[in-house]
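Here's the structure, in structure tokens; my notes come after.
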Amino acid sequence: MKFCDLTLPTPEENLACDEALLDMCEAVLEEGVLRFWEPKQYFVVVGYANQVATDVNITFCEAHGIPILRRCTGGGTVLQGPGCLNYSLVLPIGDACRSILETNRFILEQHSTVVTHLLGQSAPAKPGAISNPLSTPGIQSSSRENRLQVTTERDTFAKVKWQGQTDLAIGGLKFSGNAQRRKKKFLLFHGTFLLGLEIGMVEKTLLSPPRQPEYRRNRSHADFLMNLTLSREHLSWALRMLWQAIEPLRQFPVADIDRLVREKYGTREWNLRL
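Numbered by the working numbering, the letters in the sequence shown go through residues 954 to 1227 in order.
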């Protein structure tokens, strides 16, 4: 699998890049791609079929210059910003990914195992010290005050769980949301790990979602979300090893990214269509 760590200058370009990578793999590549990116500014991203008026505090966002954009995948509306580690995984559609549900299970169960392992081990001196992120899970962890407190007590357990449709959570606190889009030969599965997002900003920019997973129990964003106390370096390296994303991606769909920004992600017709 190819790998790239690429954060583009604007929110629109970063959303367009995911779709362009999917299109490129579908058209010309014979293997998948893993991309990481981290936003430098706050912006809201609405799911493909979601309504801006019911999900977003439009007045606050407009007053503070926070863009409201729409992505090409489903799922809920989210706030992007500093402290969000985003990954974009483009995979060939095979037996393990032959349906939406099976794809969710295939990817999220592996990601939950990786996070459990990282939380249970002492931090290695450098990312290269993580030789096998899917080896026996280490000591797990406890949550308190909506933040993960890593512990070395072997009798303390807070299992990483796949909850809702595409969430990862610990003790009922969500730290990762994910979504997918499928084409004939390849699929895009992308998501976010919260590593240091200012959750108070989520309260200010997003309304309480009209549709919620059962485990949320109508909690506020502040009572529902948490940040992982993992470094970006160790988590991204473990995910690279999981997906064997070793070889750098040297072919970038620059023209397609520009076109998608111009025709789609940079337009009110797309972003505010619902």
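All C-beta atoms, glycine included, are put in the ideal place defined by N, C-alpha and C.
Since the structure is predicted, the reported quantities are computational estimates derived from the model, not experimental observations.
Where do the N-terminal and C-terminal ends of the alpha helix (DSSP H) with residue i fall, by residue?
| i | result |
| --- | --- |
| Gln1033 | No alpha helix (DSSP H) contains Gln1033, which is instead part of the beta strand (DSSP E) from Val1031 to Gln1033. |
| Ser1041 | Here Ser1041 belongs to no alpha helix (DSSP H); instead the beta strand (DSSP E) covers Cys1037 to Pro1045. |
| Leu1061 | Ile1053 to Gly1073 |
| Arg1221 | Arg1221 to Asn1224 |
Taking residue i as part of the beta strand (DSSP E), name the residues at either end of that continuous run.
| i | result |
| --- | --- |
| Val998 | Phe996 to Val999 |
| Ile1123 | Asp1120 to Ile1123 |
| Ile1021 | Ile1021 to Arg1023 |
| Arg1134 | Leu1126 to Arg1135 |
| Lys1112 | Note, Lys1112: premise wrong, no beta strand (DSSP E); not H, not E. |
Tell me whether residue i is buried or exposed, calling it buried when 16 or more other Cβ atoms sit within 10 Å of its Cβ.
| i | result |
| --- | --- |
| Thr1012 | exposed |
| Arg1215 | exposed |
| Glu1200 | exposed |
| Val981 | exposed |
| His1174 | buried |
| Asn1224 | buried |
| Gly1034 | buried |
| Arg1024 | buried |
| Asp958 | exposed |
| Lys1127 | buried |
| Gly1047 | exposed |
| Gln994 | exposed |
| Pro1206 | buried |
| Asn1003 | buried |
| Lys955 | buried |
| Gly1130 | buried |
| Gly1153 | exposed |
| Ala1132 | buried |
| Thr1105 | The predicted position of Thr1105 is uncertain, since its pLDDT is 32 and thus under 50; a value taken from the coordinates is nonetheless stated next. With fewer than 16 other Cβ atoms within 10 Å, it is exposed. |
| Ala1122 | buried |
| Ser1084 | With a pLDDT of 46 at Ser1084, under the threshold of 50, the modelled position of this residue cannot be trusted, and the question is left open. |
If we call anything under 8 Å between Cβ atoms a contact, is residue i one with residue j?
| i | j | result |
| --- | --- | --- |
| Leu1147 | Thr1007 | no |
| Glu965 | Asn1039 | no |
| Leu1071 | Ala1191 | yes |
| Arg1231 | Leu987 | The requested residue 1231 does not occur in the structure, where the chain is confined to residues 954 to 1227. |
| Leu1042 | His1187 | no |
| Ser1065 | Lys1114 | yes |
| Val1005 | Leu1195 | no |
| Val1009 | Thr1158 | yes |
| Glu979 | Lys1138 | yes |
| Ile1145 | Asn1057 | Position check: residue 1145 holds Thr in this sequence, whereas Ile was assumed. Not closer than 8 Å, so no. |
| Cys1014 | Leu1150 | no |
| Leu975 | Leu1141 | yes |
| Val999 | Ile1021 | yes |
Runs of alpha helix (DSSP H) lying entirely within the region 1138 to 1219, each at least 4 residues, in chain order = 1152 to 1158, 1174 to 1177, 1185 to 1196 and 1207 to 1213
ask   = What alpha helix (DSSP H) runs, 4 residues minimum, are completely inside the region 957 to 1017?
value = 964 to 980, 1005 to 1008 and 1011 to 1016
query = Does the pairing of the region 1156 to 1174 with the region 1044 to 1059 give three or more beta-carbon distances under 8 Å?
reply = They do not touch, by the three-pair rule.
query = Is there contact between the region 968 to 975 and the region 1206 to 1225, where contact requires at least three CB pairs shorter than 8 Å?
reply = yes
query = Can you find at least 3 beta carbon pairs, one from the region 1020 to 1030 and one from the region 1174 to 1182, that sit closer than 8 Å?
reply = The answer is no - the region 1174 to 1182 does not touch the region 1020 to 1030, with fewer than three Cβ pairs under 8 Å.
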